[in-house]
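J.:
Protein chains: 2
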Amino acid sequence: MIAVNKVYWITRSYKQNMRLSKRGEYGLRAMIVLAEPVEKNTMPVVQIKEIAQREQISSKFLEQILLSLKNAGMLHSKMGVGGGYYLARSPSEITLGQIFRVLDGPVAPIKCVSQMSYEPCGCPDEQTCGLRLVMGDVRNAIADILDNTSLADVTKRQSSVRKKLGIK
Amino acid sequence: MIAVNKVYWITRSYKQNMRLSKRGEYGLRAMIVLAEPVEKNTMPVVQIKEIAQREQISSKFLEQILLSLKNAGMLHSKMGVGGGYYLARSPSEITLGQIFRVLDGPVAPIKCVSQMSYEPCGCPDEQTCGLRLVMGDVRNAIADILDNTSLADVTKRQSSVRKKLGIK
DNA sequence: CTAAAAGTATACTAGTACTATAGACTTTAT
DNA sequence: ATAAAGTCTATAGTACTAGTATACTTTTAG
Numbered sequence: 000m001i002a003v004n005k006v007y008w009i010t011r012s013y014k015q016n017m018r019l020s021k022r023g024e025y026g027l028r029a030m031i032v033l034a035e036p037v038e039k040n041t042m043p044v045v046q047i048k049e050i051a052q053r054e055q056i057s058s059k060f061l062e063q064i065l066l067s068l069k070n071a072g073m074l075h076s077k078m079g080v081g082g083g084y085y086l087a088r089s090p091s092e093i094t095l096g097q098i099f100r101v102l103d104g105p106v107a108p109i110k111c112v113s114q115m116s117y118e119p120c121g122c123p124d125e126q127t128c129g130l131r132l133v134m135g136d137v138r139n140a141i142a143d144i145l146d147n148t149s150l151a152d153v154t155k156r157q158s159s160v161r162k163k164l165g166i167k
Numbered sequence: 000m001i002a003v004n005k006v007y008w009i010t011r012s013y014k015q016n017m018r019l020s021k022r023g024e025y026g027l028r029a030m031i032v033l034a035e036p037v038e039k040n041t042m043p044v045v046q047i048k049e050i051a052q053r054e055q056i057s058s059k060f061l062e063q064i065l066l067s068l069k070n071a072g073m074l075h076s077k078m079g080v081g082g083g084y085y086l087a088r089s090p091s092e093i094t095l096g097q098i099f100r101v102l103d104g105p106v107a108p109i110k111c112v113s114q115m116s117y118e119p120c121g122c123p124d125e126q127t128c129g130l131r132l133v134m135g136d137v138r139n140a141i142a143d144i145l146d147n148t149s150l151a152d153v154t155k156r157q158s159s160v161r162k163k164l165g166i167k
């Protein structure tokens, strides 16, 4: 029998750094859910509980997230019995970029290429910094998608996938 | 005089979540520095200290980062006096995507759209998940840039900017 | 052959951010 | 009046970031 007498240093695999936070994920999901009743012309007020249950999210955590979105002016709410949340604007007027920025901050992967909240990053010469040039491209690619995709686009895309798969 | 008698709850501004880590930033910068001597046909061995000084990075922190990149097979090193690091392959054969993944993990903003390390994200139906569809686009946009930009591309771009600005 | 230079390897830590949970409070419908 | 529903703020556990520390190994110069 061979004794294991040494613990090897496992090169740390740095998980997933550049990622959407749970807050961002849940917030975006919730907004998509809230966009659906509007598209269907049904009563648009939806309760936190309902969203939480449907998307398997902690209801208390979701409260905070929806509150942030409300304070950012993207949601309205109705208190009391029969209350809930509904979109402040039409789904076609709310982009994923707007939601993302409220919950996860700027989309730029590095501050020195941020349009919304620029800060120098401390490289020797910003003008000729190669990393900055590439990360600028990355920022623009992400922003192009998120700022040009509205909630309406998402629900439309969802239902087209459903149709294609013959679901519902 | 008006007394401030209430501390208001300031909506937390969620900094910058989807961002390049310092580890990733420093590693990419260092690799770009290491690509330059090769382009100039000079002695390609560069010491940690030199990179750290030039890019204003903690030399001890940079050690760890370069070691990771070495263990990932992207760098070679020479120990002892006159030693240092040099690229394991030509700058045109090393992409930013490869470096990024070693230091910051998968490029996908959400696990369920990762090509390199997929995991389900727990949404009710992955096939028709609108968020997943959009985040898939985002992943592809980022990967397209990082996987198609080599270190040689970066140094080329840098020198073309320098020329345009009339520097050096 | 010895000293200094340079990378290797691993441990440790302070601070911060993420992901919640908790509870008291306010508003509204019935 | 009561229950349903959102509001506001505090707090806690966990993980990760961005390092610092330290002992060790290899190589070259003299």
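Chains A and B are the protein sequences, given in the same order.
Quick note on numbering: numbering that gives the first Met the number 0 labels position 57 of the first sequence as 56, and the sequence is numbered without any gaps.
Quick note on numbering: numbering that gives the first Met the number 0 labels position 53 of the second sequence as 52, and the sequence is numbered without any gaps.
The beta carbon of each residue, even a glycine, is placed where N, CA and C say it ideally should be.
Leu-95/A: buried (16+ other C-beta within 10 angstroms of its C-beta) or exposed?
T.: Per the 10 Å Cβ criterion, buried.
J.: Relative to chain B, which residues along the stretch 121 to 134 of chain A have a C-beta separation below 9 Å, given in chain order?
T.: For the stretch 121 to 134 of chain A, which is checked against every Cβ of chain B, the residues closer than 9 Å are Gly-121, Cys-122, Pro-123, Asp-124, Gln-126, Thr-127, Cys-128, Gly-129, Leu-130, Leu-132, Val-133, Met-134.
J.: So is Glu-92/B buried or exposed if we call it buried at 16+ other beta carbons inside 10 Å?
T.: Glu-92/B comes out exposed.
J.: Pull up the distance between the alpha-carbon of Asp-152/A and that of Thr-127/A, whole angstroms please.
T.: Cα-Cα distance, rounded: 38 Å.
J.: Check each residue of the stretch 19 to 32 of chain A: if its Cβ is closer than 9 Å to any Cβ of chain B, include it; give the result in chain order.
T.: Answer in chain order: Leu-19, Ser-20, Arg-22, Gly-23, Glu-24, Leu-27, Arg-28, Ile-31.
J.: Is the CB of Thr-94/B under 8 Å away from at least one CB in chain A?
T.: Output row for Thr-94/B: interface = no.
J.: Between Gln-55/B and chain A, is there a C-beta pair that is closer than 8 Å?
T.: So yes, Gln-55/B belongs to the interface.
J.: Leaving out the 5 sequence neighbours to the left and right, which residues in its chain are closer than 6 Å to Ile-50/A when beta-carbon positions are compared?
T.: Excluding sequence neighbours, Ile-50/A sits near Ala-29, Val-32.
J.: Going by the CB atoms, is the gap between Leu-19/B and Met-134/A shorter than 8 Å?
T.: Contact flag set, yes.
J.: Interface residues of chain A around Ile-166/B at Cβ under 9 Å?
T.: The answer, in chain order, is Asp-124, Gln-126, Thr-127.
J.: Can you pull out the residues from the stretch 39 to 70 of chain A whose beta carbon lies closer than 8 Å to at least one beta carbon of chain B?
T.: If the cut-off is 8 Å between Cβ atoms, the stretch 39 to 70 of chain A has Arg-53, Glu-54, Gln-55, Ser-67, Asn-70 near chain B.
J.: So, with DSSP's three-state summary, where would you put Thr-74/A?
T.: In the sequence under discussion, the amino acid at residue 74/A is Leu, which differs from the Thr named in the question. Leu-74/A: strand per DSSP, three-state reduction.
J.: Within a Cβ cutoff of 6 Å, which residues of the same chain sit near Asp-103/B, ignoring the five residues on either side of it in sequence?
T.: Around Asp-103/B: Ser-20, Gly-23.
J.: Secondary structure at Asn-4/B, three-state DSSP: helix, strand or coil?
T.: Legend: pLDDT at Asn-4/B = 25, less than 50; position of this residue unreliable, value from coordinates given subsequently. Here Asn-4/B sits in coil by DSSP.
J.: Does DSSP put Gly-83/B in a helix, a strand or coil?
T.: The answer is strand: DSSP assigns Gly-83/B an E or B state.
J.: Is it a yes or a no for the stretch 137 to 151 of chain A touching the stretch 53 to 70 of chain B, going by three-plus beta-carbon pairs under 8 Å?
T.: Judged by Cβ distances under 8 Å, the stretch 137 to 151 of chain A makes no contact with the stretch 53 to 70 of chain B, as fewer than three pairs qualify.
J.: Please classify Leu-130/B: is it buried, with 16 or more other beta-carbons within 10 angstroms of its beta-carbon, or exposed?
T.: So Leu-130/B ends up on the buried side.
J.: In the stretch 24 to 61 of chain B, which residue ranges form an unbroken alpha helix (DSSP H) of at least 4 residues, counting only runs that do not cross its ends?
T.: Complete alpha helix (DSSP H) runs here, min 4: 47 to 54.
J.: Distance cutoff 8 Å, beta carbons only. Does Val-160/B sit that close to anything in chain A?
T.: Interface residue, yes.
J.: Which word fits Pro-90/A, buried or exposed, when buried means at least 16 other C-beta atoms lie within 10 angstroms of its C-beta?
T.: With 16 or more other Cβ atoms within 10 Å, it is buried.
J.: Specify the secondary structure class of Thr-154/A as computed by DSSP and reduced to three states.
T.: Thr-154/A falls in the helix class under three-state DSSP.
J.: What are the residues that DSSP puts in a beta bridge with Ser-149/A?
T.: Partner(s): Thr-94/A.
J.: Just checking my contact of Asp-136/A with Ile-144/B at CB under 8 Å: how many whole Å lie between their CB atoms?
T.: Yes, they are in contact, since the Cβ atoms of Asp-136/A and Ile-144/B sit about 5 Å apart, within 8 Å.
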